[in-house]
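Chains as they are written, first to last, in the numbering used here: chain A, 1 to 238; chain B, 1001 to 1238; chain C, 2001 to 2238; chain D, 3001 to 3238; chain E, 4001 to 4238; chain F, 5001 to 5238.
Glycine is no exception: its CB is placed at the ideal position from the N, C-alpha and C atoms.
Protein chains: 6
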Amino acid sequence: MREIRQADELRPISIDTSFNRYAEGCALISFGHTRVLCTASVEEKQPPFLRNTEKGWVTAEYGMLPRATHTRGGREAARGKQGGRTVEIQRLIGRSLRAVVDLEALGPRSISIDCDVLQADGGTRTAAITGSWVALRIAINRLLAEGVLKSDPIIGQVAAVSCGFVDGAPLLDLQYSEDSQAEMDANFIMTEDGGVIEVQATAEDRPLHWDQFMALKKLADKGIHDLAEYQRSAVAAA
Amino acid sequence: MREIRQADELRPISIDTSFNRYAEGCALISFGHTRVLCTASVEEKQPPFLRNTEKGWVTAEYGMLPRATHTRGGREAARGKQGGRTVEIQRLIGRSLRAVVDLEALGPRSISIDCDVLQADGGTRTAAITGSWVALRIAINRLLAEGVLKSDPIIGQVAAVSCGFVDGAPLLDLQYSEDSQAEMDANFIMTEDGGVIEVQATAEDRPLHWDQFMALKKLADKGIHDLAEYQRSAVAAA
Amino acid sequence: MREIRQADELRPISIDTSFNRYAEGCALISFGHTRVLCTASVEEKQPPFLRNTEKGWVTAEYGMLPRATHTRGGREAARGKQGGRTVEIQRLIGRSLRAVVDLEALGPRSISIDCDVLQADGGTRTAAITGSWVALRIAINRLLAEGVLKSDPIIGQVAAVSCGFVDGAPLLDLQYSEDSQAEMDANFIMTEDGGVIEVQATAEDRPLHWDQFMALKKLADKGIHDLAEYQRSAVAAA
Amino acid sequence: MREIRQADELRPISIDTSFNRYAEGCALISFGHTRVLCTASVEEKQPPFLRNTEKGWVTAEYGMLPRATHTRGGREAARGKQGGRTVEIQRLIGRSLRAVVDLEALGPRSISIDCDVLQADGGTRTAAITGSWVALRIAINRLLAEGVLKSDPIIGQVAAVSCGFVDGAPLLDLQYSEDSQAEMDANFIMTEDGGVIEVQATAEDRPLHWDQFMALKKLADKGIHDLAEYQRSAVAAA
Amino acid sequence: MREIRQADELRPISIDTSFNRYAEGCALISFGHTRVLCTASVEEKQPPFLRNTEKGWVTAEYGMLPRATHTRGGREAARGKQGGRTVEIQRLIGRSLRAVVDLEALGPRSISIDCDVLQADGGTRTAAITGSWVALRIAINRLLAEGVLKSDPIIGQVAAVSCGFVDGAPLLDLQYSEDSQAEMDANFIMTEDGGVIEVQATAEDRPLHWDQFMALKKLADKGIHDLAEYQRSAVAAA
Amino acid sequence: MREIRQADELRPISIDTSFNRYAEGCALISFGHTRVLCTASVEEKQPPFLRNTEKGWVTAEYGMLPRATHTRGGREAARGKQGGRTVEIQRLIGRSLRAVVDLEALGPRSISIDCDVLQADGGTRTAAITGSWVALRIAINRLLAEGVLKSDPIIGQVAAVSCGFVDGAPLLDLQYSEDSQAEMDANFIMTEDGGVIEVQATAEDRPLHWDQFMALKKLADKGIHDLAEYQRSAVAAA
């Protein structure tokens, strides 16, 4: 059951930046019952394809604990390969973060973002992106504080939110039971000032009208605005 | 170099439905120098998750010959795994086709679409989707002609086209040299009557404005309209 | 630095049985900074080798988040295989639990234990076993309460603790900085009433004397006794 | 059904050297309905085992599109490994070409031959070898024309043909329906002047007499002679 | 160094049929310093593709211990895949044995031949085939003696031998130091009465003349004749 | 059936150090019908993690021929991965040997131990460790004799033996039929002078008493003492 909230209201959001004591940046983020642990790990080495440059890199990996979900799923490490959905999501997270980082200014180092879903109730990829930015921001702040970086390579604040049509009406931040019956499912990855980083909209069953897509965009604008507030508070308190 | 054409004009399109003599449906489709062989294979069996139902399934696999590209890439079969990009694309093709097929009406059988890129010059996924619909349409027509199917399970005509901002201007159906310098790259998968199946827009480097996205949508509308014509001609001539 | 405690004293222990809302049994267990999420998932099906019997099975899988450790390790799912250490540990957890379960009494079902290390500071396998018993106990209690099971298949309470010789002196429940300099590292897996389930002792560098091993056994007896208390409290409060 | 031709006659042969615009050498070769795309890719690097020498290398990979055949086969990239038959064939192609190349004269570079079967009706390995020589010859001609090579490293012209006993009679260049009922299947890989590069003869069901093998050899001589003509014409027209 | 023997003489041959006490048939065969352990395992089940038939199957696997060779090679199980050479050889062994077995007469069961090279000095595949026939013969004799089989499914006696041109002269049964400098390497797999099962001849470096191939055939005839004697003695003494 | 011997008596032991002519050290060791071929291969290179040090390394791999056992098991190379049991055992062998080697004194080289089980009747891991020490000792003796090593890096003599409770009584060196019904199974890896290297004791079914464990220790002391004698004789005769 959807807990009672407005169609344009996010589920309860929380961000804990102290859950992991070793990572350079950390955010345990919850969108309702969805809970994703995001860590940022700084390594003073470049990926092979950047050798002989002064650029850095930001990459991401995504995983889900076998019992994050209502019924147990398989363990990808035991199966010996990451599924197609995992690969899609981790590539998306990486691209989204790199769109707001000046890789030249980051210098010859790598930041690896790990997003591990501890509990899944819909929206794991949007929670992962929103939390990853917090972990990245904290890790970069530490590099600035330590003097490793002289100028800030982060040039934007990115958050992500899902929305969809359920029972013919647009709805923000779908939980699993809503998502599984949505007619269209869209993820908006945007900056806090309205810049578009990535838009993915999928008609789940049948083609939809363009004005339905536009209605989702309107919801997403509000969701991104609210998430950006949570992110700033979490970073300020870290 | 971009061969001379208007910003809202497709590259030269051709569709050959006779290249493969064994498949139930076939389309060797070219978008400029991009050439993708799409085949539809009908099998009278269901995937395991549909057992004990009367539904059918449509799935897709995507591959690229090692020397489809300007410089030779590795062979996925030799590396022992499909790359993330491959997995993303083949899932997209499958979803796009299923959005216009009534799986109940298809009955307890499977149609496997294979999209193999023989030559790649940008837009392989949009060519693959556009050609796959043709191969699927021909395969279904054969099932109808043979009386295996009583009613047509295809409920829409789907095509796909890419567009992007290059040098600050919107451009339809990007070739590789354009795509690699685009500021935003979007793929629109739509039905011939304007229904939205999937939209994917990615800011390659920096966040963009929403009105830039809307300018791409306008180009896509024209591209989809033109591709749908080519599809109908190819099916009619098959 | 070792936080100040006696040589025969456990690190601070905590067990949270409510962290995961979906699993039939759950224990987020901490041994100092080591934190392992243990879930028990009940499935009404048998493994293939028990078909045509009335027996059940208990199995375990183990994993570690990439940034559980001081520096980031690789992700096993991305590498495509579980490492030797992972395989060793998950087999150990499974054996240890099965030694206190009457598989006939469990009936034709499976319980999968997932132990995922969220933070690692030494002793992850002993924390995993100790927490797994709690998750298993809660899951079984639920089956008893629901009437699925008529009699209790659990015939013993199992806990595990490490100990070692550090700087020539025996020490209980080693943290990572101690473990990495220990001359002998032993894990004792025992029941709360002193029964031996598994003993593993390894001289890290040079062979040691048997009386050193016996000194560790004495520490372990105390550790197991104390852990058993924590387990009972956690189950009672669940 | 075998299309009508003499027992010592090849199926219709065609070779198109312009199908792929990027490869340094290309031959889309048809033996009847069997159609194999062969490309030669030149890379200015040596394989690891030739480091610190002045020698080059020629290697080959072989693949088959899933629907090249009458019924769809699996995709090796999706299964995650190349089958035994694929491995055997690609090793054979590489060995056959290296037997007519002076690797010292080729200098410190690699030529990768990719043979991808677009349609399969028997004889894919012999078509692949015959076409690969054409692609290799064209690629080497280009290196000579560009002055990269001063002297021609190709020291022979190689072609391949299958033959077998069908219904007790020897037959040249078997199509699939013939091959599957042949009592002996032999592949002859020879130079245009009668040199032996590789002979593989397999009694499919029961041991055969040596004079049967010799009868096949006689057919092969004619087939190789005719194929060599087609090769020379294709290279001349490229 | 080649130990002194005539050009048409086999290396010292020995066959020990008692090395493994569990297999239904066993032959530890030596061709000089090459030593291969061949076992035949009978299982009362059919491979999947023979279900619903009354036919049996004979299959083979081949492996080499890492230190069978002069310098240590990798372990295929550790690398996670069988190499191309291994796959080629084990397919060859299986085909060669099936050519002398009436699979209908074998009935609905499988015989798995395992050929493991304990020491390798050239000719491992020919030793493996020659020894495998002995192991198979012994296993079948046991099935006949036990009354499981009523009639003998073995319809021929197969052996294999290598030969090659070394320093311009034909030589039988090459050891490693000879094989590595041979101009042509051929393997003949034949029945004791001259039937041809498989012939593989490879010019190692440059094309050779057909009469060179014929000279090897003559040597092989003698080698096969002599090996067949050793096989019969070993079976008789088993 | 257990062949008649005392409860504290080893099965018949034999060690053949000449079975493999290429390895720097070799021991084909038998514990009753269990037969393991252990080879030591010296390579003048370090593993990657020791680069820029002067230390050497000793590592081990373990395998079992498919028909080493009463019924045929699968081939790990064919399955594409080493099983959990294999990984556990080969890590144990490596650790056990390194505990008696001064890796600094070994210098910048690697010794790879391969333990391949040719026949298995229980105790393969203890036979493997006991035989590996012999192979290692012979290989090191050769390095000393050749002057490659100036001082002996081996600082202890290690052997291993299993013991268990069968029908309520302690028993040394279990064969398979005993091991499979043992209530506790323990492996003791010790030096000839009583030093403890690794102890692994597992209650197979139910927790046992500590004094049962101590009874096994007493048996192991005798077994290790006897095995050490066999080792010394084998090395002396090599």
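Does residue i pass the burial test, meaning 16 or more other C-beta atoms within 10 Å, or should it be called exposed?
i, result
"Ala4203 (chain E)", "buried"
"Pro4207 (chain E)", "buried"
"Glu5088 (chain F)", "buried"
"Asp3173 (chain D)", "buried"
"Thr5086 (chain F)", "buried"
"Phe3165 (chain D)", "buried"
"Glu76 (chain A)", "buried"
"Phe3213 (chain D)", "buried"
"Gly1063 (chain B)", "buried"
"Glu178 (chain A)", "buried"
"Val58 (chain A)", "buried"
"Arg51 (chain A)", "exposed"
"Ser1233 (chain B)", "exposed"
"Val1134 (chain B)", "buried"
"Gly2147 (chain C)", "exposed"
"Gly2168 (chain C)", "exposed"
Between residue i and residue j, is the Cβ-Cβ spacing less than 8 Å?
i, j, result
"Gln1200 (chain B)", "Ala1186 (chain B)", "yes"
"Gln82 (chain A)", "Ala2078 (chain C)", "yes"
"Trp1210 (chain B)", "Gly223 (chain A)", "no"
"Arg4142 (chain E)", "Glu4024 (chain E)", "yes"
"Thr2126 (chain C)", "Gln2231 (chain C)", "no"
"Leu4227 (chain E)", "Ile4004 (chain E)", "no"
"Arg5035 (chain F)", "Glu4043 (chain E)", "no"
"Ala238 (chain A)", "Ile138 (chain A)", "yes"
"Leu1144 (chain B)", "Ile1111 (chain B)", "no"
"Gln1181 (chain B)", "Arg1011 (chain B)", "no"
"Gly80 (chain A)", "Gly2080 (chain C)", "yes"
Quick one: residues in its chain with C-beta nearer than 7 Å to the C-beta of residue i, no 5 flanking neighbours on either side, listed in chain order?
i, result
"Ser2132 (chain C)", "Cys2038, Ala2060, Ile2093, Leu2097, Ile2113, Cys2115"
"Glu1009 (chain B)", "Leu1172"
"Ile5197 (chain F)", "Ser5096, Ala5099, Val5158, Ile5189, Met5190, Thr5191"
"Thr3069 (chain D)", "Ala3120"
"Leu4219 (chain E)", "Asp4008, Cys4163, Pro4170, Leu4172"
Looking only at C-alpha atoms, which of the options sits nearest to residue i?
i, options, result
"Pro2170 (chain C)", "C:Gly2084, C:Met2184, C:Gln2119", "C:Met2184"
"Gln2090 (chain C)", "C:Ala2220, C:Thr2124, C:Val2166", "C:Thr2124"
"Tyr2022 (chain C)", "C:Gly2032, C:Gln2006, C:Ala2040", "C:Ala2040"
"Cys1026 (chain B)", "B:Gly1084, B:Gly1063, B:Lys1217, B:Ala1128", "B:Ala1128"
"Pro1066 (chain B)", "D:Lys3045, D:Gly3074, D:Val3117", "D:Val3117"
"Asp5102 (chain F)", "F:Gly5084, F:Lys5055, F:Lys5045, F:Gly5147", "F:Lys5055"
"Gln4006 (chain E)", "E:Tyr4176, E:Leu4136, E:Cys4163", "E:Cys4163"
"Ser1030 (chain B)", "B:Gly1122, B:Gly1074, B:Lys1045, B:Asp1221", "B:Gly1122"
Against chain I, does residue i count as a neighbour if the rule is that its beta carbon must be under 8 Å from one of theirs?
i, result
"Ala4077 (chain E)", "In the structure shown, chain I does not exist; the protein chains are A, B, C, D, E and F."
Considering only residues of the same chain and omitting the five flanking positions on each side of residue i, which have a CB-CB separation below 8 Å?
i, result
"His225 (chain A)", "Glu192"
"Leu1149 (chain B)", "Ala1105, Leu1106, Gly1107, Ile1140, Leu1143"
* Please determine if the stretch 4095-4110 of chain E and the stretch 4151-4167 of chain E are in contact, where contact requires at least 3 C-beta pairs separated by less than 8 Å. => yes
* Asked: Can you find at least 3 beta carbon pairs, one from the stretch 2009-2023 of chain C and one from the stretch 1158-1170 of chain B, that sit closer than 8 Å?
  -> no
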